[in-house]
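Engineer: Note that the sequence shown covers residues 127 to 575 in the working numbering. For glycine and all other residues, C-beta sits at the position ideal for the given N, C-alpha and C.
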Amino acid sequence: MIPSKTRYSLLSSVAFIIMVLLIIIQVRWFTSAIDYQQKESHQKLNQIIPDIALEINGINHTLFHKHGVKTEDLPKEKIENKIDSVLKLNGFDKQIYYAIYQADTDGIFLSNTDEYQKELLRSDIKSCLSSIISFSFAEDNRKRKGERDEEFNSRIIKQSTFQYFSPVIGINQSKESDLWLSLYQERQLSNDIASLLGQFILNILLLIILFILLVYLLKSLAKHKKMSQIKNDFFNNLSHEFKLPIGSIRLASKVLRQATNEEKKNSYHKIIENESELLEEQVDKLLRFSMFENEFSFKENQELNLHEIIKCIPEKLKILIEKNNAELKLDLQSTETILVGDKDMLISSFVNIVENSLKYSEEGVTITISTSYKAKQRVIRIIDNGPGIDPKFENQIFDRFFRANQENQYQGKGFGIGLSYVKSIIEAHNGTIKLLNHYPKGCEFVINL
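(1) Buried or exposed: K396, going by 16 or more other Cβ atoms within 10 Å of its Cβ?
(2) With three or more beta-carbon pairs closer than 8 Å as the criterion, would you say the segment 516 to 527 touches the segment 489 to 506?
(3) Could you tell me whether the segment 454 to 469 touches the segment 501 to 516, where touching means 3 or more Cβ pairs closer than 8 Å?
(4) Taking the alpha helix (DSSP H) that S498 belongs to, which residues open and close that run?
(5) Does DSSP put I251 in a helix, a strand or coil?
(6) Might you give, ordered along the chain, the residues of its own chain that have their beta carbon closer than 8 Å to the beta carbon of K560, omitting 5 neighbours on each side?
(7) Taking the straight line between their C-alpha atoms, what separation do you get for I328 and I334?
(8) Consult DSSP for E462 and reduce its assignment to one of helix, strand or coil.
(9) Roughly how many angstroms lie between the CA atoms of S379 and K391, to the nearest whole one?
(10) Check whether the segment 541 to 556 touches the segment 464 to 479, taking contact to mean three or more Cβ pairs, one atom from each stretch, closer than 8 Å.
(11) For the beta strand (DSSP E) that contains F571, what are its first and last residues?
(12) For P566, count neighbouring Cβ atoms within 10 angstroms of its own Cβ and tell me buried if that reaches 16, exposed if not.
(13) Are the beta-carbon atoms belonging to G490 and N563 less than 9 Å from one another?
(14) Consult DSSP for L443 and reduce its assignment to one of helix, strand or coil.
(15) Indicate the three-state DSSP secondary structure (helix, strand or coil) for R383 in the structure shown.
(16) Can you list, in chain order, the residues of its chain with a C-beta nearer than 7 Å to that of S374? Leave out the 5 residues immediately preceding and following it.
(17) Give me whichever residues DSSP pairs with L405 in a beta bridge.
(18) Could you tell me which residues DSSP pairs with T157 in its beta bridges?
(19) Mapping the DSSP letters down to three states, classify G467 as helix, strand or coil.
(20) When the distance is taken between beta carbons, is L465 closer than 9 Å to E429?
(21) Checking 9 Å against the spacing of the C-beta atoms, do L456 and I447 come in under that value?
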């Protein structure tokens, strides 16, 4: 079976690859849509050019005079010297041409040698073309432009969307020149591309959001599965912790019935009493933890002496200390010992930490509890010289139901709720707790109250 962590990494990688593929597909769709639009525009352009030519030629034959506008007919301020790099027409007065060259706001550019004729052309051509110019031109119609350049001996340097040349009568010496009609629709094309680009960006954003949600879902599933496994382990530990004392009580009871020696009877009575107290203690732990899980608030807030609370610990753990041949030292140096809180809860939290050190250390462990007062905080340090905590578990020790010895979950006693419970108590007293790991030479818990 694939480990859950490996499975999560695999699913995340697959999700990322799918997202990248979808983005590539969107990019190809975007570029293909633009390419298709350009091809469609070129096809429509080739279809309507003959119609445009016929309309313009018809207008030329009926409207143009035999003379054109001369330089002296124009105001000097209209003549601009900016033509050399843009347009050159054979036999055409360039200053006049650019003086009367104006851009229509609808994107149709007309140049002619008579203002009156030009206005008529603008009106008629706009009317003529309004029904057929409803698409976008992507680039020059280079073939047609080349044919017109050769026919009329003109050279266009400026690039436009589409240029059409039709012979007209005009300039100074009554030579034939050409009417230059440019259909500029880049603004429309830009709008179309912007619309496509907007859709493309929106799709990409939706894909990214989808990917984030997918990753979040996978993380949630992995976390849920992990919590489910931890809870299963917890209930296994719970049954194990209850089964041992219950088994001891049952066995002692059977032997007690048959015992005739008073000394043995007292010994078995003691076993039953100790195991019963152990069961009661385990049940109390579960109840206390349950209260904190449900945002339990203290009912017994009272003024306490920190050192008096800590002095209770050796007596509470006397049997366990003797059993493990351990040593518990107290180094109480805090100059400020008074605080407000729940005495039983604070004693329970300190006992839990020391108890963990005793349970997970070999015989002969030394545990030191010291206090100090710094920066208006009472600092309690609980230090042992046991094996310490494996660094890979450091960030999990305060999690609910977590037990560091997962490889052999019955090696050490407990439900895995001790340190989570301790943290809840300390935080309920507006304090903090942190681990300073000295693996493999012990560990240190630092509590600030």
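Structural biologist: So, from the data block:
(1) Per the 10 Å Cβ criterion, exposed.
(2) The segment 516 to 527 makes no contact with the segment 489 to 506; the number of CB pairs closer than 8 Å stays below 3.
(3) yes
(4) Note, S498: premise wrong, no alpha helix (DSSP H); beta strand (DSSP E) at 492 to 500.
(5) Here the model assigns I251 a pLDDT of 48, short of 50, so the residue's position is not dependable and the matter cannot be decided.
(6) Sequence-distant partners of K560 (beyond 5 residues in either direction) whose C-beta falls short of 8 Å from its own C-beta, in its chain, are F571, V572.
(7) Just to set this straight, residue 328 is Leu in the shown sequence, not Ile. Near 10 Å, if we compare the C-alpha coordinates of I334 and L328.
(8) coil
(9) 10 Å
(10) yes
(11) 569 to 574
(12) exposed
(13) no
(14) Coil.
(15) In the structure shown, R383 sits in a helix (DSSP, three-state: H, G or I).
(16) I397, E401
(17) Looking at the DSSP assignment, L405 forms no beta bridge with any residue, so it has no partner.
(18) Its beta-bridge partners do not exist; DSSP assigns none.
(19) strand
(20) yes
(21) Not closer than 9 Å, so no.
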